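Each remark here refers to the structure printed beneath this line.
There are 2 protein chains.
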Amino acid sequence: MRLETASEKKLGRPRDERARRSVLDAVREQLKQGSLCGMTMEGIARQAGVGKQTLYRWWPSVAEVALEALIEEAGEHCPLPETGSLRGDLVAFLSGAFRVITQRTGSLLRCLMVEAQKNPEFRTRFREQFIRSRQEALTTLLRRHVAPPTDTYPIVDMVYGSLWYRLLVGHQPLDDTLAEQLADVVVALLQRGDTGSAG
Amino acid sequence: MRLETASEKKLGRPRDERARRSVLDAVREQLKQGSLCGMTMEGIARQAGVGKQTLYRWWPSVAEVALEALIEEAGEHCPLPETGSLRGDLVAFLSGAFRVITQRTGSLLRCLMVEAQKNPEFRTRFREQFIRSRQEALTTLLRRHVAPPTDTYPIVDMVYGSLWYRLLVGHQPLDDTLAEQLADVVVALLQRGDTGSAG
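Protein chains in written order, with my numbering: chain A, 13 to 211; chain B, 13 to 211.
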């Protein structure tokens, strides 16, 4: 069963699932075209064929609708690969994520990170609902192959940090070379049994 | 000699160094109080005791003044340490940077990264004038102790990526533990002669 979002909890009653689907489909269509960033609530309502008030009843802002569409997108397009090796899984996982970001979600991710800096409440939701689920996906992948390190944060930070740093600064591309380099580093660190917490 | 900034080049004549100094001092005073993010050009001009037009003649926006103040700040507060070991230098360098960010520049850095997502021209200047100089400082530090790796990007991205990711997302602190963990990882990778480009 789908977990209730903050807006549903606040509302205290179930959503009309069909209208909700129309909105998310419309938003994901915009996302495909890379144009979600400049959208308004009016535009989303028109695209989805629902009333503006209906939309506002469920989501307080474009960023909140976009976050929900992004979470769906990430779940569908970034499954955990099973290649049989840690390095293979990491390369496939990261290359896949970089491809989705480069082709579809990059500008939206940048917009949502901007919104997170401006709005502390949204920052918390972005972190709890999106960032954390991506961190957990990577940790799950690592734990399939190696004993769980006591603290996976240095590794998780280095991998997702590299991704976000390149996405936001734009000094280098998110490409297969980076996916392979990061996979090599993670494998080297885990094979040493060194996750950064020992000298 | 100080390099000319974009605004000086466009202007084609030298600045009045004393008024420039007043503005940058006023901005850095605001920076110390953590309040630069919400400042206006009017407020900066008032604080510095210069005319608004004078300010606009040199800098097109608050972000541009702030960037120049930040570059000064980084140069003064983040000197390259000389502890005698790669690990010691890295820990000192990163701890120092994290301290400056936590105590002074964190909210400004977040504002400038936001501005960089909204304004492509500013993004280029932020990258070329600030991000790159920080990358070069780290690379210089590494090369004091080890033969230059052919491609330092995976390491530079992992270190600064971790920093920015924690600063922007806020899931974990920028503290001495992270400085030590990152230093350990970099030392481990460089001692293997593995910068992420070899399997």
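For every residue, glycine included, the Cβ atom is placed at its ideal position computed from N, Cα and C. Note that this is a predicted model, so its numbers are computed, not measured.
- Taking CB atoms only, S174(A) has a neighbour in chain B less than 7 angstroms away.
- Your pair E192(A) and V103(A) checks out as a contact, with CB atoms roughly 6 angstroms apart and the cut at 8 angstroms.
- Shown here, D37(A) sits in a helix according to DSSP, grouped into three states.
- Only R122, C123, M125, V126, A128, Q129 from the region 117-129 of chain B bring a Cβ to less than 8 angstroms from some Cβ of chain A.
- From the beta-carbon of R135(B), the residues of chain A found nearer than 7 angstroms are G182.
- Between the region 130-141 of chain B and the region 61-80 of chain B there are three or more C-beta pairs closer than 8 angstroms, enough to call the two in contact.
- In the three-state scheme derived from DSSP, where H, G and I count as helix and E and B as strand, M125(B) is classed as helix.
- Shown here for A195(A): same chain residues with a beta carbon closer than 7 angstroms to its own, the five before and five after excluded, namely R99, L102, V103, L106 in chain order.
- For I143(A), the nearest CB of chain B lies under 7 angstroms from its own CB, placing it at the interface with that chain.
- Annotated three-state conformation of L120(A) is helix, per DSSP.
- If you check the CB distance, G173(A) and Y165(B) do not come in under 7 angstroms.
- Residues of the same chain with a CB within less than 6 angstroms of the CB of L202(B), apart from the 5 flanking positions on each side, are V158 in chain order.
- When C-alpha distances from K130(A) are compared across A149(B), G61(B), M51(B), C123(B), the shortest belongs to C123(B).
- Here the alpha carbon of V198(A) sits roughly 7 angstroms from the alpha carbon of I167(A).
- Judged by beta-carbon spacing, I83(A) lies beyond the 7 angstroms limit of L186(A), meaning their Cβ atoms are not closer than that value.
- Within a 10 Å sphere around the beta-carbon of E85(B) sit 16 or more other beta-carbons, which makes this residue buried.
- By the Cβ neighbour-count rule, Q147(B) is buried, with 16 or more other Cβ atoms within 10 Å of its own.
- Interface flag for R69(B) against chain A is unset, since no Cβ pair is found closer than 7 angstroms.
- Taken in chain order, the whole alpha helix (DSSP H) runs of length 4 or more contained in the region 133-210 of chain A are 144-157, 165-181, 188-203.
- Sorting L121(B), L154(B), R33(B), G182(B) by C-alpha distance to the C-alpha of L67(B) places R33(B) at the top.
- Of the residues assessed, R155(A) falls on the exposed side of the cut-off, its CB having fewer than 16 other CB atoms within 10 angstroms.
- Only R99 from the region 93-108 of chain B bring a Cβ to less than 9 angstroms from some Cβ of chain A.
- Under the three-state reduction of DSSP output, L92(A) falls in the coil class, being neither helix nor strand.
- Under the DSSP assignment, M51(A) falls outside any alpha helix (DSSP H); it carries neither an H nor an E label.
- Contact of P166(A) with chain B is assigned, a C-beta pair being separated by under 7 angstroms.
- Here D28(A) carries a coil assignment [DSSP, helix/strand/coil].
- With respect to the C-alpha of T151(B), the residue from R139(B), D169(B), F138(B) having the closest C-alpha is D169(B).
- Around the beta carbon of L43(B), 16 or more other beta carbons sit within 10 angstroms, so the residue counts as buried.
- Shown here, G100(A) sits in a helix according to DSSP, grouped into three states.
- The beta-carbon separation of H89(B) and I143(A), rounded to 29 angstroms, does not stay under the 8 angstroms limit for a contact.
- The beta carbon of Q59(B) does not come within 7 angstroms of any beta carbon belonging to chain A, so the residue lies off that interface.
- Taking a Cβ-Cβ threshold of 8 angstroms, the residues of chain B close to D169(A) are G173, S174, Y177, R178, Q184, L190, in chain order.
- V39(B) and L92(B) have their C-alpha atoms some 25 angstroms from each other.
- Here the C-alpha atom of L121(B) lies approximately 11 angstroms from the C-alpha atom of L175(B).
- Rounded to whole angstroms, the gap between the alpha carbons of Q45(A) and M51(A) is 12 angstroms.
- Interface with chain A (7 angstroms Cβ-Cβ cutoff): R139(B) is included.
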